[in-house]
Amino acid sequence: MVAVVLSLICPASEASTNPEKLVVTPKICAVNNTAPYCDVSVFVQLIQQSSDEVCLFENDKVIQCWQEREINYHHKASIQFDTVYLLSRTKQGVVLDKVKAQVQNSQLTPQRRRLRSPWSFF
Numbered sequence: 007m008v009a010v011v012l013s014l015i016c017p018a019s020e021a022s023t024n025p026e027k028l029v030v031t032p033k034i035c036a037v038n039n040t041a042p043y044c045d046v047s048v049f050v051q052l053i054q055q056s057s058d059e060v061c062l063f064e065n066d067k068v069i070q071c072w073q074e075r076e077i078n079y080h081h082k083a084s085i086q087f088d089t090v091y092l093l094s095r096t097k098q099g100v101v102l103d104k105v106k107a108q109v110q111n112s113q114l115t116p117q118r119r120r121l122r123s124p125w126s127f128f
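Per this note's numbering, the sequence shown starts with residue 7, numbered consecutively.
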């Protein structure tokens, strides 16, 4: 199971020194042939000054949109390939945060054992 946590606190002004915070735990999910999908949990926590529309995307597909000042949202998904989650303000086109959940296959490819020595005198 992969837990992707988007935790954002938007500052009052764009010049604020408080950066937006993104936490991803773990960053890589291992799958095998018996379980080819990863169960992903995405948490969005956002506090913003205005009620601008904010949307969560999964590989360019809209998951959820809000027009609220405080957002607490939990999304579960099963992914098979690397997936990018993006949180943005839709009207301004500003990307607030983005995270990539990586999926790797844990099956080792069969390797042949070398039958002869790699060197020879003749």
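For every residue, glycine included, the Cβ atom is placed at its ideal position computed from N, Cα and C.
Consult DSSP for Arg-95 and reduce its assignment to one of helix, strand or coil. The count along the sequence shown starts at 1 and reaches residue 95 at position 89. Strand at Arg-95.
Just confirm the distance between the C-beta atoms of Cys-44 and Ile-69, as a whole number of angstroms; I'd bet it's less than 8 angstroms. As a first step, residue 44 is located in the sequence shown; it is residue number 38 there, counting from the start. As a first step, residue 69 is located in the sequence shown; it is residue number 63 there, counting from the start. 16 angstroms between Cβ atoms; not a contact.
Just mark Gln-110 as buried or exposed, buried being the case when its beta carbon has 16 or more other beta carbons within 10 Å. Position 104 of the sequence shown holds residue 110. Per the 10 Å Cβ criterion, exposed.
Would you call Ala-41 buried or exposed, if buried means 16 or more other Cβ atoms sit within 10 Å of its Cβ? Position 35 of the sequence shown, counted from the first residue, corresponds to residue 41. Ala-41 is exposed by the Cβ-count criterion.
Range of the contiguous beta strand (DSSP E) that encloses Ser-84: The count along the sequence shown starts at 1 and reaches residue 84 at position 78. Segment 76–85, the beta strand (DSSP E) holding Ser-84.
Segment limits, beta strand (DSSP E) that includes Gln-121: Looking up residue 121 in the sequence shown gives position 115. In the sequence under discussion, the amino acid at residue 121 is Leu, which differs from the Gln named in the question. It is not in any beta strand (DSSP E) - Leu-121 carries neither H nor E in the DSSP assignment.
Cβ shell of Lys-82 (< 6 angstroms), same chain only, five flanking positions each side left out: In the sequence shown, counting from the first residue as 1, residue 82 sits at position 76. Correct list, in chain order: Ser-47.
Going by DSSP, which residues form a beta bridge with Asp-45? On the sequence shown, position 39 is the one that residue 45 refers to. DSSP lists Ser-84 as partners of Asp-45.
Could you spell out where the beta strand (DSSP E) holding Glu-64 opens and where it closes? Within the sequence shown, the letter at position 58 stands for residue 64. Its beta strand (DSSP E) spans residues 60–64.
Measuring CB to CB, does Lys-106 end up less than 7 angstroms from Leu-92? Here residue 106 corresponds to residue number 100 of the sequence shown, with the count starting at 1. Here residue 92 corresponds to residue number 86 of the sequence shown, with the count starting at 1. No. Outside cutoff.
Could you name the residues that DSSP lists as bridge partners for Trp-72? As a first step, residue 72 must be located in the sequence shown, where it is residue number 66. Note: Trp-72 sits in a beta bridge opposite Val-60.
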